[in-house]
Structures are given as structure tokens and as C-alpha cells.
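Notes to accompany the following structure.
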Amino acid sequence: FVSSFRPVDAVNNTGWWTAFVPPFNVSLDNYVSVLTRNQIGRNFINSALITVPATLIALTLAAITGYVFARWKFRGREILFLGILILLSVPLQMTLVPVLQMFSAWGIVGTFPAVWIAHVGYAMPFTIYLLRNFFAGIPNELFESASVDGASDLAAFIRIGIPLAAPALAAVAVFEFMFVWNDLLVALIYLGGSPDVAPLTMAVTNMVNSRGEGWQVLTAAAFILMLVPLIVFFALQRHFVRGLTAGAIK
52 FVSSFRPVDA
62 VNNTGWWTAF
72 VPPFNVSLDN
82 YVSVLTRNQI
92 GRNFINSALI
102 TVPATLIALT
112 LAAITGYVFA
122 RWKFRGREIL
132 FLGILILLSV
142 PLQMTLVPVL
152 QMFSAWGIVG
162 TFPAVWIAHV
172 GYAMPFTIYL
182 LRNFFAGIPN
192 ELFESASVDG
202 ASDLAAFIRI
212 GIPLAAPALA
222 AVAVFEFMFV
232 WNDLLVALIY
242 LGGSPDVAPL
252 TMAVTNMVNS
262 RGEGWQVLTA
272 AAFILMLVPL
282 IVFFALQRHF
292 VRGLTAGAIK
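For the sequence shown, position 230 matches number 281 in my numbering, and the numbering has no gaps at all.
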């Protein structure tokens, strides 16, 4: 952050701590260079178009599935949930080639739906596990009372489950948002290198590998990349911690 406000001569010849002593050699030139000489604005929009839908879809599917595993009684429930737990141990890299072949057959490689589907699939095991445990900790009496009053399963889920699971939902949202926003590998594999769909992470990588920009410009671009997840995390930090520790003492 400090280096992003320092000119190239200062970065090359002095330590970052000298920015805090006179003559306070700081400047906005690095940010001006990043925002004007590169397609950062377009890349920022692409990152938002990737992250927001992927997070919302993953959150919706995980909430529904976690509620079903926690509240519904059906044959094979334990085996299915065990399978989801086993998927937590599968490295993401093992799926890249088969999933890419599947997306190629569907004709969606290089499009946002491809990376949405990939991120949602990768998020499901952990998010379902987290939300299932949270829904299982809600007293059964609440749902039984709703059923006696004539509420359907969907109504009980929306009016009781969702409000009470707000901390866990916030934790899942923060976790998934930060993972998708900071992702490079999944976007690189399923989107390719097209600048029309490239997120911020790919733009910063291209600056490092091909443009040969100075360190001070890279720090400015990196801080722009970090800014949004920092805001999201600190805004929802209290809910994030409550959601991750829910049920820890049971």
C-alpha cells in the first residue's frame, strides 16, 4: 500500500518506511498509470460479473441443500452427506482437464457461465457442510410449531431457517466472494486469455509477465485488486466469525 504511492526512483533507491519522513515523497501517478494505461475498469467489471453471480448461486444452492440434509429424513441421506465430505479432500487441480473437456463439448469455454458453474461446483462441499451444521443446530420445536400453524417446508425455510442462519450465510458469502474475486487459476483455465472477459487477477498477472511494469505500478494494481474483498470482509467480519464458530461447542 505504501509503495503504491511512491515514485519509481524512491521505490528503487529507498525503503518504504522513508515515505513517513520528510519530504514525504508520495504521488498518485501510479494509480493514474494503472487506471489510464490498462483496461482496469473493464477488468474490474469482469471480476464483479464473475464474483457476484457465482457467490449468489452458490449461496442459494448451499442453503437449500444444507437445509434438506439437516431437516429432511430420507433414505441414503447419510451416504450422500458422507460423499459431500469426501469431496472436500479432492484437489481442485484434478478436475481442471475433465471439466474443461465438458465445457468445450457444451461450447461455453471463454464465457462467464463456464466460470460460474466451476466456482459453484467447487464451493458446494464446504458451503453445504457449513450450512447443514448450522441448520441442524436450530431447535426442532421452531419448525414443528410452524408446521402446526400450517406452514409448508418452503415457508419454514424462508421465514425461520433463513433469518436464523444469517450469520452462517454471511460467512459463506464472505468466504465464496473472497475466493472467487482472488481466483486466477479457474478463470485462466475456463475463460482463457481474452481481454473481454479477463478479471482483475489476470490483468495484474499480464502486467507482471508481459508489460514489465515497475514494482510501484504493480503495487497500485494489487491494492485495487485487494480493496473490494477487504471492504466486504470488514463489513461482514462479525457475521463471518459467528458463522464459522457456530456449533463449535456441541
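Glycine included, C-beta positions come from ideal geometry on N, C-alpha and C.
Between the alpha carbons of P104 and P164 lies a distance of about 9 Å.
Annotation for L131: F120 place their beta carbon closer than 8 Å to its own, counting only its chain and skipping 5 residues before and after. In this structure, L251 and L269 do not form a Cβ contact; the two beta carbons are roughly 13 Å apart against a cut-off of 8 Å. For A249, the secondary structure class from DSSP, reduced to helix, strand or coil, is coil. Secondary structure of A273 (DSSP, three-state): helix. Between L181 and A222 a beta carbon distance of about 7 Å is seen, short of the 8 Å cut, so the two are scored as contacting. Annotation: the continuous alpha helix (DSSP H) that includes M153 extends over L147 to W157. The continuous alpha helix (DSSP H) containing P164 extends over residues F163 to A187.
A113: member of the alpha helix (DSSP H) spanning I91 to R122, first to last residue. Nearest in C-alpha terms to R183, of all of L112, N76 and A273, is L112. Boundaries for M258: no alpha helix (DSSP H) harbours it, and the DSSP string shows neither H nor E there. Excluding five sequence positions before and after A202, none of the CB atoms of its chain fall closer than 6 Å to its own CB.
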